[in-house]
Amino acid sequence: MEARLLYPQVFVSDQVQRKLLNSVDDCVDEALCGIVRSHGALALLRGHRVVLRSDLGSLKGKVALLSGGGSGHEPAHAGYIGVGMLSGAVAGGVFASPPPASILAAILSLWQGGAAGVLLVVKNYTGDRLNFGLAAEQARSQGVPVDMVIVADDCAFNQPSKAGRRGLCGTVFVHKLAGAMAEEGLPLETIVSRVNEAAKDIGTLGVSLSPCSVPGCLPSFQLPPGEMELGLGIHGEPGIKRSKVAPADKVVKTMIDHMSDPSSLSHLAIKSGDPVVLCVNNLGALSCLEMAVVTKAAISCLEDRAIIVTRVMSGSFMTSLEMAGMSLSIMKADQEILRLFDSKTTAPAWPNLSCEPVSGRKWTVEPPQLIAPHEITHRPGPLSDVMQKALQAVCEALLQLQEELNMLDRAAGDGDCGNTHACAAKATQEWLQGRKLPGCPGQLMTALASLVQEKMGGSSGALYSIFLTAAALPLLGQDDIAAWATAVHAGTEAMKRYGGAEPGDRTMLDALCPAVEELQRLSSSPPTGAMAILQAAVERAQAGADSTRSLSAKAGRASYIASGHLTQPDPGAVAVAAILKAVFEALGGGCS
Numbered sequence: 085m086e087a088r089l090l091y092p093q094v095f096v097s098d099q100v101q102r103k104l105l106n107s108v109d110d111c112v113d114e115a116l117c118g119i120v121r122s123h124g125a126l127a128l129l130r131g132h133r134v135v136l137r138s139d140l141g142s143l144k145g146k147v148a149l150l151s152g153g154g155s156g157h158e159p160a161h162a163g164y165i166g167v168g169m170l171s172g173a174v175a176g177g178v179f180a181s182p183p184p185a186s187i188l189a190a191i192l193s194l195w196q197g198g199a200a201g202v203l204l205v206v207k208n209y210t211g212d213r214l215n216f217g218l219a220a221e222q223a224r225s226q227g228v229p230v231d232m233v234i235v236a237d238d239c240a241f242n243q244p245s246k247a248g249r250r251g252l253c254g255t256v257f258v259h260k261l262a263g264a265m266a267e268e269g270l271p272l273e274t275i276v277s278r279v280n281e282a283a284k285d286i287g288t289l290g291v292s293l294s295p296c297s298v299p300g301c302l303p304s305f306q307l308p309p310g311e312m313e314l315g316l317g318i319h320g321e322p323g324i325k326r327s328k329v330a331p332a333d334k335v336v337k338t339m340i341d342h343m344s345d346p347s348s349l350s351h352l353a354i355k356s357g358d359p360v361v362l363c364v365n366n367l368g369a370l371s372c373l374e375m376a377v378v379t380k381a382a383i384s385c386l387e388d389r390a391i392i393v394t395r396v397m398s399g400s401f402m403t404s405l406e407m408a409g410m411s412l413s414i415m416k417a418d419q420e421i422l423r424l425f426d427s428k429t430t431a432p433a434w435p436n437l438s439c440e441p442v443s444g445r446k447w448t449v450e451p452p453q454l455i456a457p458h459e460i461t462h463r464p465g466p467l468s469d470v471m472q473k474a475l476q477a478v479c480e481a482l483l484q485l486q487e488e489l490n491m492l493d494r495a496a497g498d499g500d501c502g503n504t505h506a507c508a509a510k511a512t513q514e515w516l517q518g519r520k521l522p523g524c525p526g527q528l529m530t531a532l533a534s535l536v537q538e539k540m541g542g543s544s545g546a547l548y549s550i551f552l553t554a555a556a557l558p559l560l561g562q563d564d565i566a567a568w569a570t571a572v573h574a575g576t577e578a579m580k581r582y583g584g585a586e587p588g589d590r591t592m593l594d595a596l597c598p599a600v601e602e603l604q605r606l607s608s609s610p611p612t613g614a615m616a617i618l619q620a621a622v623e624r625a626q627a628g629a630d631s632t633r634s635l636s637a638k639a640g641r642a643s644y645i646a647s648g649h650l651t652q653p654d655p656g657a658v659a660v661a662a663i664l665k666a667v668f669e670a671l672g673g674g675c676s
């Protein structure tokens, strides 16, 4: 512990970590109650911090497994109680060994339930060895066949002290192997012998980016910002090295290099061609995203050494309260070890793993061969030229409005609405060069939807693409004005359905919906009246855009801005009005 003096602690009250508890004194008992109440196959031994299988009668004639230790390592150990794993677990206070009286009560409960013997699985910490050992001796004196396996899988120290290597997350492997053998009815001495052999081929090493703190206490140690500690114990005991936080790949490589270094007396002897089981254990506070990155790095690092990764566990298996860190446990696994590892268990904390080997498995699939609709060449038709003229006009209008739209959008924070529309306009102009548009309006809408989706980006790109995609279907094989009315209605309804906004929410819909309502008159209008309807639609769009000055934003990024700060029209609505006006003018109209 002297190494800790190199990193002075500042003892101030606000360093005590906040935890979502009712009481520091009662947190262990309440946690055990929560675990038992949420899992029907578990029961609490009254008067003790002991969790047992609720079906002790099913142990008759089989060896029972008992483990435990200090609390704060959840889901260890109660989470591993179930058919094919532990029969019971004894909890101490947070990071404190359980008392011998509770261990003995658990042993006797299992024995009286009909077990043929009791195996104690104990992590190599002095308190656990003493208390479990005392309880074992007391149980033997009462005629109970009991034995103890000590798990010491820590690979941190090159020259371990007399106390030996610490017991870490590799203990969970032992729970699984011993539990599978017990479920098969193997005798106590056979299980002990085989587990002791298997434990020699298990190694664990941890790394932490932060300390943890026992409820009501200061952090267990101080770790300067930007540093990490390699080789620490699950209670915050000192590690072997501090260094700057490095990328996940480098950290994992450093860990596996150290674990397999033959010059260390604690190393795990693994070599090319060895099959292994890998456990990536969250020490408490790493995000699932970080854990997935570390898992990928660990698999790759082992495979780079031509080590065969047969199974992978990734998650929280033996934690250290809220410590931000992880440990890697590696177990050499022949076919018999894998058979036991793969055997079924009902333990709630054991993951639902595949029996498919990890290394050598094809883990990617090829995407479907698709050609973007805007890359497909279609046959031109009578409407191709007029649609091209309208598109060109829309692009020019949006480019001219770029700075105005940006200015209007700055009120909502990012100020890029003009840039986004200009990006789509430029991409469309480039796409139009040397190209004849398809004669089918539906095909054009589909192509534009694909182009906008790929080039425009942002929520505007998604909304325009949704509109165009939905509008395309009524126009496939149709080019009459009634079909156009149906198309713009379908596109608008799709935008409302997926975007979640409605007219009055201060969005582009405030310009689009009044215009589309006007355009529905095309369904019953003679062709000669189409331009008048289109002009009315443009005017209603412009009025709708202007009305957004006085509306409170209820959708999009602007909805997070106080309405008093939004005095200009919505940029999306202004853009829609400009698009409709450009189309109208390209078709030969003129707005008053």
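When we follow the working numbering, the leftmost residue of the sequence shown carries the number 85, and every step to the right adds one.
From the three backbone atoms N, C-alpha and C, an ideal C-beta is built for every residue, glycine too.
Open item on the list: I need the straight-line Cα distance from GLU440 to TRP447, nearest angstrom please.
Closed with: Between the alpha carbons of GLU440 and TRP447 lies a gap of roughly 11 Å.
Open item on the list: So, at 7 Å on beta carbons, what are the nonlocal neighbours of SER411 in its own chain, with the 5 sequence-adjacent residues on each side left out?
Closed with: Result list for SER411: LEU252, CYS253, THR288, LEU289, GLY290, ASN365 and LEU367, in chain order.
Open item on the list: Going by DSSP in three states, ILE645 sits in which element: helix, strand or coil?
Closed with: Here the model assigns ILE645 a pLDDT of 48, short of 50, so the residue's position is not dependable, and the following value carries that caveat. Judged by DSSP in its simplified three-state form, ILE645 adopts coil rather than helix or strand.
TODO: Below 6 Å CB to CB, which residues in the same chain sit around ARG590 once its five sequence neighbours on both sides are set aside?
DONE: Contacts found: THR632, LEU635, ALA637 and ASP654.
Open item on the list: Under 8 Å: do the region 423-443 and the region 493-509 share three or more Cβ pairs, one atom per stretch?
Closed with: No, the region 423-443 is not in contact with the region 493-509.
TODO: Quick one: which unbroken alpha helix (DSSP H) runs of 4-plus residues sit fully inside the region 543-602? Chain order, please.
DONE: Correct list: 565-583.
Task: CA nearest to the CA of LYS510, picked from ASN490, GLY523 and GLN476 - done: Of the listed residues, the one whose Cα sits closest to LYS510 is GLN476.
Open item on the list: Between which residues of its own chain and MET471 is the CB-CB distance below 8 Å, once the five residues before and five after are set aside?
Closed with: Cβ neighbours of MET471 beyond the five flanking positions: LEU521, PRO525 and LEU528.
TODO: Taking 8 Å as the cut-off, decide whether the C-beta atoms of THR429 and GLY263 are in contact.
DONE: Less than 8 Å divides the Cβ of THR429 from the Cβ of GLY263.
TODO: Just tell me which of CYS117, PHE401 and GLU480 has its CA closest to the CA of LYS665.
DONE: Per the Cα distances, GLU480.
TODO: Assign SER297 to buried or exposed, taking buried as 16 or more other Cβ atoms, counted over all protein chains shown, within 10 Å of its Cβ.
DONE: When all chains shown are included, SER297 counts as buried.
Open item on the list: Assuming the contact rule is C-beta atoms closer than 8 Å, ALA554 and ALA574 should be a hit. Round their C-beta distance to whole Å, please.
Closed with: The C-beta separation of ALA554 from ALA574 comes to about 5 Å, placing the pair in contact by the 8 Å criterion.
Open item on the list: Assuming the contact rule is C-beta atoms closer than 8 Å, LEU203 and ASP238 should be a hit. Round their C-beta distance to whole Å, please.
Closed with: So it is not a contact: roughly 22 Å between Cβ atoms.
- [ ] Apply the 10 Å Cβ neighbour rule to ALA390 and answer buried if 16 or more other Cβ atoms are within range, or exposed otherwise.
- [x] ALA390 comes out exposed.
Open item on the list: Do ILE565 and ALA611 count as a contact pair if the criterion is CB distance below 8 Å?
Closed with: Note on residue identity: the sequence assigns Pro, not Ala, to residue 611. The answer is yes: Cβ separation under 8 Å.
- [ ] Given a cut-off of 8 Å, decide if ALA115 and SER155 are closer than it, judged by their beta-carbon atoms.
- [x] Contact: yes.
Task: Near the ligand GDP: SER155 beta-carbon under 7 Å from a heavy atom - done: This structure simply doesn't include the ligand GDP, nor any ligand for that matter.
TODO: Go through the region 179-216 residue by residue and report every complete run of the alpha helix (DSSP H) that reaches 4 residues or more, in order.
DONE: Qualifying alpha helix (DSSP H) stretches, in chain order: 184-196.
- [ ] Ignore the nearest five residues each way along the sequence and tell me which others in PRO558's own chain have a CB closer than 7 Å to its CB.
- [x] Annotation for PRO558: ALA567, THR570, ALA571 and ALA574 place their beta carbon closer than 7 Å to its own, counting only its chain and skipping 5 residues before and after.
TODO: Tell me whether ASN490 is buried or exposed, calling it buried when 16 or more other Cβ atoms sit within 10 Å of its Cβ.
DONE: That one is buried.
TODO: May I have a chain-ordered list of the beta strand (DSSP E) segments no shorter than 3 residues that lie completely inside the region 223-255?
DONE: Secondary structure within the region 223-255: the beta strand (DSSP E) runs of 3 or more consecutive residues, fully enclosed, are 230-235 (chain order).
Open item on the list: Whole angstroms are fine: how far does the CA of ALA148 sit from the CA of HIS161?
Closed with: Near 15 Å, if we compare the C-alpha coordinates of ALA148 and HIS161.
- [ ] Measure the beta-carbon distance from SER327 to MET312 and round it to whole angstroms, keeping in mind my assumption that it falls under 8 Å.
- [x] Right, the Cβ-Cβ distance comes to about 6 Å (below 8 Å), so this counts as a contact.
Open item on the list: What does the alpha-carbon distance come out to for the pair LYS325 and SER107?
Closed with: LYS325 and SER107 have their C-alpha atoms some 35 Å from each other.
- [ ] Report buried or exposed for CYS385, applying the criterion of at least 16 other Cβ atoms within 10 angstroms of its Cβ.
- [x] Buried, by the Cβ-count rule.
Task: Proximity to PRO359 [Cα-Cα], best of ALA219, ALA200, ALA417 and GLN652 - done: The candidate whose alpha carbon is nearest that of PRO359 is ALA417.
Open item on the list: I'd like to know whether the C-beta atoms of PRO184 and ALA219 end up nearer to each other than 8 Å.
Closed with: Taking the C-beta atoms as reference points, ALA219 is found nearer than 8 Å to PRO184.
Open item on the list: Using CA atoms only, rank isn't needed, just tell me which of ALA189, ARG249, GLY248 and ASN208 is closest to GLU221.
Closed with: Ranking ALA189, ARG249, GLY248 and ASN208 by Cα distance to GLU221 puts ALA189 first.
TODO: Note down the Cα distance separating THR210 from VAL361, rounded to an integer number of angstroms.
DONE: C-alpha separation (whole angstroms): 28 Å.
- [ ] Given a cut-off of 8 Å, decide if ALA629 and ALA661 are closer than it, judged by their beta-carbon atoms.
- [x] In this structure, ALA629 lies closer than 8 Å to ALA661 by Cβ.
Open item on the list: So, at 7 Å on beta carbons, what are the nonlocal neighbours of GLY217 in its own chain, with the 5 sequence-adjacent residues on each side left out?
Closed with: Leaving aside the five residues that flank GLY217 on each side, the residues in its chain whose CB is nearer than 7 Å to its CB run, in chain order, MET232.
Task: Nearest candidate by alpha-carbon position, reference PHE668, set ALA625, ASN242 and GLY656 - done: That would be ALA625, whose Cα lies nearest to the Cα of PHE668.
- [ ] Could you check if ALA537 is buried or exposed, using at least 16 other CB atoms within 10 Å of its CB as the buried criterion?
- [x] Note that residue 537 corresponds to Gln in the displayed sequence, not to Ala. The residue is buried, with at least 16 neighbouring Cβ atoms inside 10 Å.
Open item on the list: Alpha carbons only, please: which of GLY118, PRO159 and ARG581 is nearest the one belonging to LEU405?
Closed with: Looking only at GLY118, PRO159 and ARG581, the smallest Cα-Cα distance to LEU405 is reached by PRO159.
Task: Burial state of VAL329 (16 or more Cβ within 10 Å) - done: Burial call: exposed.
TODO: Using beta-carbon positions only, say whether ALA332 and VAL378 come within less than 8 Å of one another.
DONE: Contact flag set, yes.
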